[in-house]
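Colleague: In our numbering, the protein residues as written are 44 to 282.
From the three backbone atoms N, C-alpha and C, an ideal C-beta is built for every residue, glycine too.
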């Protein structure tokens, strides 16, 4: 049986299409870590509200404030941002980095009750939606897109202040610390952010939906948030 010979251009087009599909798939997964193992037996059970009896962590910072950097994210297109308190605590001034060598001055408001802080700029980026009303569940995945760094070797210091996002792309906490030996990343509780933001929370912010995130597209979604400056690097300019 003889089959008609396909034109060379059609064969080349099919090969190029296949390569593009593979390349796009790899790009989406380029920044995504391997998925963690499932939580046995308890996946899906809701977590109770935060209480004073919950385990706590201590974030160690220098006794004398030092210039440094971390991550901030927009929660209001009027120029309202959130970051971890220890990123900007003791800073005389701070700036949101918008391009290489360029930043926008940010006013700092410290929350003395928790490791979170509000930054205010003239104008801002589109807000990352909030997901502070729905209960957290055991075994649910969270994603932590930080401001772009050159390397993650040895420390995740630049990740402090990054949003913790649920699978719907909504903020459920602020990244504050890591424990490499335990394989854990710590965040603020949703209740902390609700108290901190108070009247600053935009109407409808808790029902808006972000872009759905999976272990397959995490890298692409994180790059998009950074490209739109919804997640950006924050620097401490003076102490």
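On the criterion of 16 or more Cβ atoms from any shown chain inside 10 Å, does residue 209 qualify as buried, or is it exposed?
Modeller: The residue given as residue 209 occupies position 166 in the chain shown. With 16 or more other Cβ atoms within 10 Å, it is buried.
Colleague: Once you ignore the five residues that flank residue 135 on each side, which residues in its own chain have a CB closer than 6 Å to its CB?
Modeller: To locate residue 135, count along the chain shown from 1; it is residue 92. Hits under 6 Å: 281.
Colleague: Could you give the distance in angstroms between the alpha-carbon of residue 184 and the alpha-carbon of residue 257?
Modeller: Position 141 of the chain shown, counted from the start, is the residue given in the question as residue 184. Position 214 of the chain shown, counted from the start, is the residue given in the question as residue 257. Those two C-alpha atoms are separated by around 9 Å.
Colleague: I need the boundaries of the beta strand (DSSP E) containing residue 163, first residue and last residue.
Modeller: For the purposes of this step, residue 163 is taken as residue 120 along the chain shown, with counting starting at 1. Unbroken beta strand (DSSP E) run through residue 163: 160-163.
Colleague: Residue 233 bridges to which residues according to DSSP?
Modeller: Start at 1 with the first residue of the chain shown, and residue 233 comes out as number 190. Beta-bridge pairing links residue 233 to no other residue.
Colleague: Helix, strand or coil, according to DSSP, for residue 227 in the structure here?
Modeller: Stepping through the chain shown from its first residue, residue 227 is reached at position 184. Three-state DSSP puts residue 227 in a strand.
Colleague: Given that a residue counts as buried once 16 or more other Cβ atoms are within 10 Å of its Cβ, and exposed if not, what is residue 206?
Modeller: Position 163 of the chain shown, counted from the start, is the residue given in the question as residue 206. Buried: at least 16 other Cβ atoms inside 10 Å.
Colleague: Out of 279, 277, 203, point me to the one whose CA is closest to residue 218's CA.
Modeller: Indexing the chain shown from 1 puts residue 218 at position 175. Between residue 218 and the set 279, 277, 203, the nearest pair of CA atoms involves 203.
Colleague: Which word fits residue 288, buried or exposed, when buried means at least 16 other C-beta atoms lie within 10 angstroms of its C-beta?
Modeller: Outside the modelled stretch of the chain, which goes from 44 to 282, sits residue 288, for which no answer is possible.
Colleague: Have a look at residue 180 and residue 123 and give me their C-alpha separation to the nearest angstrom.
Modeller: In the chain shown, counting from the first residue as 1, residue 180 sits at position 137. In the chain shown, counting from the first residue as 1, residue 123 sits at position 80. Going by the C-alpha atoms only, they are around 28 Å apart.
Colleague: Evaluate residue 114 with the Cβ neighbour count: other Cβ atoms within 10 Å of its Cβ, from every protein chain shown; 16 or more gives buried, anything less gives exposed.
Modeller: In the chain shown, counting from the first residue as 1, residue 114 sits at position 71. The residue in question, residue 114, is buried, as its Cβ has 16 or more Cβ neighbours within 10 Å.
Colleague: In whole angstroms, what is the alpha-carbon distance linking residue 87 and residue 182?
Modeller: Taking the chain shown and counting its residues from 1, one reaches residue 87 at position 44. Taking the chain shown and counting its residues from 1, one reaches residue 182 at position 139. Rounded to whole angstroms, residue 87 to residue 182 spans 6 Å at the Cα level.
Colleague: Going by Cα to Cα distance, which pick from 154, 152, 147 is closest to residue 164?
Modeller: Here the question's residue 164 lines up with position 121 in the chain shown. The shortest Cα separation from residue 164 among 154, 152, 147 belongs to 147.
Colleague: For residue 275, tell me which candidate among 154, 236, 137 has the shortest Cα-Cα distance.
Modeller: The count along the chain shown starts at 1 and reaches residue 275 at position 232. Nearest C-alpha to residue 275: 137.
Colleague: What did DSSP end up calling residue 125 once you bin it into helix, strand or coil?
Modeller: Here residue 125 is taken as the residue at index 82 of the chain shown, counted from 1. Here residue 125 sits in strand by DSSP.
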